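Residue numbers (numbering that gives the first Met the number 0): 0 to 196.
Glycine included, C-beta positions come from ideal geometry on N, C-alpha and C.
Bear in mind that the values here come from a model prediction, so they are computed numbers and not experimental data.
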Amino acid sequence: MSMRQFLLLLAAMLLTCCSKDSDITAQAMTQKIYITIGNQTQSVTLVDNAATQELVSRLQSGDINVTLDTNGSFEIWGPLGFSLPTSNQQITAQPGDVILYSGSNICIFCGTNSWSYTRLGKIDGLSESELRAFLKIGQNDIAVKLSLSSGTTAISSISGWTAEDGVYYSLNGQKVEHPSKGIYIRNGKKVILGGFY
0 MSMRQFLLLL AAMLLTCCSK DSDITAQAMT QKIYITIGNQ TQSVTLVDNA ATQELVSRLQ
60 SGDINVTLDT NGSFEIWGPL GFSLPTSNQQ ITAQPGDVIL YSGSNICIFC GTNSWSYTRL
120 GKIDGLSESE LRAFLKIGQN DIAVKLSLSS GTTAISSISG WTAEDGVYYS LNGQKVEHPS
180 KGIYIRNGKK VILGGFY
């Protein structure tokens, strides 16, 4: 272990020991939220902007439930019930993109569309056909829940379990192929990636 790795590990341990549990949860969740439609939940990797920071802040007070409708065959969308800060840019939304439109509407894409949007994030790991099924494209009055938790039980102990060396898992036990900033399980231990918050 190099000196730099040792210092980073020491800093991570100090941060974990000295932070309140709620602080750690907030830090970990600034990178991911979860969308539940029906009995299926998918993770969303957030971009870092004022809109996502405000959204995560609101989600710390509880889940957000919205009702969305199909628009054409490329998205579901509808009002959030509140406004978020905008940083609109002319972009072409891609399948899986989660977008803020006009400051108070959420759009979730399974196709493409060009407009002036504020990007919120992207649904992780679904193909276009899987997105269409998950988003219930073609239906209206789709009940959608936004949350900071996947609804699955977090890992509390890993005794008797052998993880592959170097493989990262989220706190809810899902394998993470390309981890970004946050708290993960690796080789049976919690690790913090991405430096300090």
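Through-space distance from residue j to residue i, alpha-carbon basis
i      : j      : result
Gln52  : Pro94  : 23 Å
Tyr33  : Leu58  : 10 Å
Gly137 : Asn38  : 18 Å
Asp47  : Asp96  : 14 Å
Gly114 : Asn70  : This sequence places Trp at residue 114; Gly is not what is there. Whole-angstrom Cα-Cα distance: 14 Å.
Asp68  : Lys188 : 42 Å
Ile63  : Thr35  : 10 Å
Lys135 : Ile75  : 8 Å
Lys121 : Val190 : 24 Å
Ser128 : Ser42  : 17 Å
Phe81  : Ser126 : 30 Å
Thr85  : Tyr100 : 9 Å
Leu170 : Gly181 : 10 Å
Contacts around residue i, its chain only, beta-carbon distance under 7 Å, and the 5 residues preceding and following it disregarded
i      : result
Phe73  : Phe108, Cys109, Gly110, Thr111 and Asn112
Phe133 : Ile36, Gln39, Gln41 and Leu125
Ser56  : none
Residue of the options minimising C-alpha distance to residue i
i      : options                           : result
Leu83  : Asp123, Tyr116 and Gly102         : Gly102
His177 : Asn186, Leu170, Val166 and Gly187 : Val166
Gly172 : Gly150, Ser179, Lys180 and Leu192 : Gly150
Tyr116 : Phe133, Asn87, Ile63 and Lys135   : Asn87
Ala49  : Leu119, Ile75 and Asp62           : Leu119
Leu45  : Ile36, Lys31, Leu54 and Thr35     : Lys31
Leu54  : Ser126, Ile98 and Tyr168          : Ile98
Ser60  : Leu147, Gly181, Ile191 and Ser169 : Leu147
Val175 : Phe133, Leu145 and Gly124         : Gly124
For residue i, three-class secondary structure by DSSP
i      : result
Ser149 : coil
Leu119 : strand
Val46  : coil
Val166 : coil
Glu251 : The structure shown has nothing for residue 251, since the chain only spans 0 to 196.
Ser128 : helix
Leu134 : helix
Leu83  : coil
Gln59  : coil
Cys106 : strand
Other residues of its chain near residue i: CB distance less than 8 Å, five sequence neighbours each side excluded
i      : result
Thr66  : Gly77, Asp140, Ile141, Ala142 and Val143
Thr91  : Thr111, Asn112 and Ser113
Ser179 : Gln30, Thr44, Leu192 and Gly193
Chain-order list of residues whose beta-carbon lies under 6 Å from that of residue i (same chain, five-residue window excluded)
i      : result
Arg131 : Cys109
Ile105 : Leu79
Thr40  : Tyr33, Ser149 and Gly150
Gln89  : Ser115
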